[in-house]
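**Q** Take any residue in the sequence shown, count from 1 to its spot, add 1: that is its number in our numbering.
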Amino acid sequence: MVRRAALSVLLALLTAETAAADAENGRALAERHCARCHVVGEFNPHGGIGSTPSLQWIKKLPDWRDRFQTFYVRRPHLAFIKVKGLAPLTKLPPYATPIEIAPGDADDIFAFVEELPVPKGHSDITPIEGK
Ligand code: HEC
2 MVRRAALSVL
12 LALLTAETAA
22 ADAENGRALA
32 ERHCARCHVV
42 GEFNPHGGIG
52 STPSLQWIKK
62 LPDWRDRFQT
72 FYVRRPHLAF
82 IKVKGLAPLT
92 KLPPYATPIE
102 IAPGDADDIF
112 AFVEELPVPK
122 GHSDITPIEG
132 K
């Protein structure tokens, strides 16, 4: 019985470990949460906050993968993003509307960002035809 329980825990861990990231869920999460401050592809080309880089602009940085894999522990996010199951990184109250994500959500957001085209030139806003 104990052995069977241990086996199912192991199986659950293995399945979670190998679960493919879901870029569509990542898109939905980015549009819901990140677009408050960041321009997210063509979703809100004139939105976001002026002082905040667009998600696609960050991809111009050589270490953009590191930055997206750890965004929730990087300033300013650790002040308002909580990852379920992880202890909060600060005891201070959030200064922006809090966001709660599941651990796999970060992988999904990463999969979505991987698909975002990198803007050309200096501008991080690509006008959409007809708008
Ligand atoms: C309340 C505003 C706000 C929200 C919401 C927000 N960000 Fe950010 N983010 C910022 C700001 C401001 C910066 C720039 C920080 C800097 O330049 O030091 C930033 C920077 C980043 C960076 C670059 C980090 C670095 O250290 O270079 C990544 C990656 C990022 N955000 C991803 C995300 C993702 C993914 C989401 C949604 C899940 C998100 N952000 C939601 C404000 C926000």
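Glycine residues also receive a C-beta, built at the ideal position from the N, C-alpha and C atoms.
Below 6 Å CB to CB, which residues in the same chain sit around D136 once its five sequence neighbours on both sides are set aside?
**A** Given that the chain is displayed from residue 2 to residue 132, the structure contains no residue 136 and the question cannot be resolved.
**Q** Do you know how far the Cα of I50 is from the Cα of K83?
**A** Rounded to whole angstroms, K83 and I50 show a C-alpha spacing of 21 Å.
**Q** So V114 is in the alpha helix (DSSP H); what residue range does that whole segment cover?
**A** 104–116
**Q** With which residues is I100 paired in a DSSP beta bridge?
**A** I82
**Q** Given this structure, state the Cα-to-Cα distance separating P128 from V114, to the nearest angstrom.
**A** The pLDDT assigned to P128 is 48, lower than 50, so where the model puts this residue is not dependable, and the model offers no usable value.
**Q** Please report the distance separating the alpha-carbon of Q57 from that of F111.
**A** 12 Å
**Q** At the level of alpha carbons, what is the spacing between C35 and T71?
**A** 14 Å
**Q** Whose CA, out of C38, T98, A97, R76, lies closest to the CA of L90?
**A** R76
**Q** Buried or exposed for L30, please, with buried defined as at least 16 other CB atoms from any protein chain shown within 10 angstroms of its CB.
**A** buried
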